[in-house]
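The opening position of the sequence shown corresponds to residue 1 in the UniProt record's numbering, with each subsequent residue numbered one higher.
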Amino acid sequence: MNKIMYLEFERCIGCRSCQAACRECGDHDAKERNYVEYVDFMESRQTFPMLCMQCKDPACARVCPANAIQITEEGVVLSAMEEKCIGCRNCTFGCPFGIPKFDFEENKMYKCDMCYDRSKHDIAPMCASVCPSDAIRFIDFDEMQSLRRKRTQMNLVEGKKPQEGNKWQYVPEFFGVYSD
């Protein structure tokens with residue numbers, strides 16, 4: 001996998017096409033594994049896409065007692081393997097981003113896996129292939145670096161980095177996340 005996911009939260013227009021496309025991806029069982037959240041619903045209608053951040057040291061995998069969450073060579077954190085998942089939901093409580101969801105009917109956890117069946121062949125994940133505002137992009141590392149430099153030149157802040165409990169430290173280099 002030579003390409004990376006790149007998110008620019010402020011570009012999101014709230015169309016939710018990423019969610020619709022996610023439901024159509026491979027083995028997703030017609031369930032979206034990404035979400036569109038409101039920045040502050042009481043203040044504005046601004047939305048942002050929430051995908052699995054594919055953490056360097058994923059809390060969801062660390063807290064899984066059954067070792068059901070696997071990480072590929074490229075660093076993609078996959079959904080829990082059905083045959084191993086015991087339904088404890090530790091992963092849903094452990095994730096600092098609140099990404100893994102638990103399906104009580106199927107008794108299994110699911111989350112964004114960057115459409116690994118596509119992305120391992122450098123084909124854009126479904127969400128990135130349909131995003132009309134380019135809030136979600138699947139680009140090469142050099143392009144991400146170029147975009148990063150442009151944003152710095154425009155004096156925009158790189159990433160949302162809270163002072164306490166900095167959850168953004170978990171996000172690996174291959175996953176660019178930028179917002180005002």
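Where a beta carbon is used, it is the ideal one built from N, C-alpha and C, also for glycine.
Bear in mind that the values here come from a model prediction, so they are computed numbers and not experimental data.
Beta-bridge partners assigned by DSSP to Phe102: Met109.
Cα atoms of Glu32 and Lys3: separation of roughly 22 Å, rounded to the nearest angstrom.
Beyond the five residues adjoining it in sequence on each side, Ala128 comes within less than 6 Å, by CB distance, of Ile136, Arg137, Phe138 in the same chain, given in chain order. Judged by pairs of C-beta atoms under 8 Å, the stretch 57-72 does not touch the stretch 32-48, as fewer than three such pairs exist. Taking the Cβ atoms as the reference, Tyr116 lies roughly 21 Å from Val63, outside the contact range of under 8 Å. In this structure, Lys84 sits away from Ile99, with a CB-CB distance that is not shorter than 7 Å. DSSP, read as helix, strand or coil, puts Met126 in helix. Annotation for Ala21: Met126, Cys127, Ser129, Val130 place their beta carbon closer than 8 Å to its own, counting only its chain and skipping 5 residues before and after. Take Leu78, set aside five residues on each side of it, and the residues of its chain with a beta-carbon closer than 6 Å to its own are Gln70, Asp113, in chain order.
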